[in-house]
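Chains as they are written, first to last, in the working numbering: chain A, 611 to 743; chain B, 611 to 743. Cβ coordinates follow ideal geometry from the N, Cα and C atoms, glycine included. Since we're looking at a predicted model, the values are computed, not measured.
Protein chains: 2
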Amino acid sequence: MPDNADRTDERGPIPMFEPDFSKGGGLIPAVAQDFRTGEILMLAYVNAEAWAETLRSGRATYFSRSRNCLWQKGATSGHIQLIRNILVDCDQDAVIYQIEQVGGSACHTGHRSCFYRRLTADGHLEEINENPA
Amino acid sequence: MPDNADRTDERGPIPMFEPDFSKGGGLIPAVAQDFRTGEILMLAYVNAEAWAETLRSGRATYFSRSRNCLWQKGATSGHIQLIRNILVDCDQDAVIYQIEQVGGSACHTGHRSCFYRRLTADGHLEEINENPA
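See below:
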């Protein structure tokens, strides 16, 4: 469990993480990144409850804006995401989940990554070659 | 300029990109990623105007939620971000700017990446070793 006591190292005090949910209506974005390759697999949102559940379970848990409920990634598909490391940005309103993607697909389309298309010069979307899962 | 005519390739029609700003109050998140190393450098937001300006200028342009205005990254610091490629996610409400970071720092703290800290098991933030710029 987190403690609230200040800690220090040779660089000085080590702050507690205090996620800033205020600017995003109670949500912050979480980027899921393959912990081995660095590939960005998806982006979703976390509220305070999803954040707590992610820490408790060690599995990436999000808040679904469309369904308005907690969403443990892979609860239906089996394609869960095991948390290996979490990075936090400078103003504590975005996180990176460095994860192990079970089952090979982060995307509901079956692609390894939700970001499987690139923008062309004339505004279209073309599929990119994916790394092997 | 984008045209609205459908295009096709051997996989079928190639869709136009139609960013979905509806779920985020007019904003979608843009993850800035080093186009060479894949390192995630920052996450910020784009409205329709920032998106158009990014495409027009070839430089990453965001919408600042705190200042409530367009924000061309590096306009003050000189640490601009040159767009090399843009990836789009499955439901067209998040993008990755694959960029060349001029000046070496994406973060206003002087760190190469805004994500320069990791969460420890007891809820603190500790700095990680950064890749050389």
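Practice problem: Can you give me the Cβ contacts of GLY633/B inside the same chain, cut-off strictly under 7 Å, excluding the 5 residues immediately before and after it? | Solution: In the sequence as displayed, the identity of residue 633/B is Lys instead of Gly. Closer than 7 Å at Cβ, skipping near neighbours: ASP703.
Exercise. For the region 653-687 of chain B, enumerate the residues whose C-beta is nearer than 7 Å to any C-beta of chain A, in chain order.
Key: Closer than 7 Å at the C-beta level to chain A, one finds these residues of the region 653-687 of chain B: LEU653, ARG675.
Exercise. From the DSSP output, in three-state form, read off ASN665/B for me.
Key: Note that residue 665/B is Leu in the sequence shown here, rather than Asn. It is helical.
Quiz prompt | Within chain A, the residues that THR719/B reaches when beta carbons sit closer than 8 Å | solution = Neighbours of THR719/B on chain A, chain order: CYS700.
Practice problem: Out of ASP630/B, ASN739/B, PRO625/B, GLU663/B, state which residue places its alpha-carbon closest to the alpha-carbon of LEU697/A. | Solution: Out of ASP630/B, ASN739/B, PRO625/B, GLU663/B, ASN739/B has the C-alpha closest to the C-alpha of LEU697/A.
Quiz item: So, helix, strand or coil for ALA658/A, using DSSP?
Solution: When DSSP states are grouped into helix, strand and coil, ALA658/A belongs to the helix group.
Practice problem: Specify, as a first and last residue, the run of the beta strand (DSSP E) that THR618/A falls within. | Solution: Looking at the DSSP string, the run of the beta strand (DSSP E) that includes THR618/A is 617-619.
Self-check item: GLN691/A versus GLY648/B: straight-line alpha-carbon distance, rounded
Solution: Cα to Cα, the separation comes out at about 20 Å.
Quiz prompt | Span of the beta strand (DSSP E) around GLU628/A | solution = No beta strand (DSSP E) holds GLU628/A; DSSP gives it neither H nor E.
Quiz item: What does a CB cutoff of less than 8 Å around GLY668/B pick up in its chain, not counting 5 residues either side in sequence?
Solution: Only residues of its own chain outside the window of five on either side were considered, and among them LEU692, ILE693 have a CB closer than 8 Å to the CB of GLY668/B, listed in chain order.
Self-check item: CB contact check: PRO612/B to chain A, cutoff 8 Å
Solution: Because the pLDDT at PRO612/B is just 44, under 50, the model does not fix this residue reliably, and the value given afterwards should be weighed accordingly. Yes, PRO612/B lies at the interface with chain A (some Cβ there is under 8 Å from its Cβ).
Practice problem: Could you check which residue in GLN643/A, VAL656/A, CYS700/A has the C-alpha nearest to that of GLN682/A? | Solution: Among GLN643/A, VAL656/A, CYS700/A, the Cα nearest to that of GLN682/A belongs to VAL656/A.
Quiz item: Can the beta-carbon of VAL705/B be found less than 8 Å from the beta-carbon of ALA640/B?
Solution: Yes, they are a contact pair.
Practice problem: Show which residues of chain A have a CB atom less than 7 Å away from the CB atom of GLN711/B. | Solution: Result: empty, since nearest Cβ-Cβ is about 15 Å, beyond 7 Å.
Quiz prompt | With 16 other Cβ atoms within 10 Å as the buried cut-off, status of THR664/B | solution = In this structure THR664/B is buried. Its beta-carbon is surrounded by 16 or more other beta-carbon atoms within 10 angstroms.
Quiz item: Going by the beta-carbon positions, is the gap between PRO751/A and HIS734/B smaller than 8 Å?
Solution: For chain A, the structure presents residues 611 to 743; residue 751/A sits outside this window and is missing.
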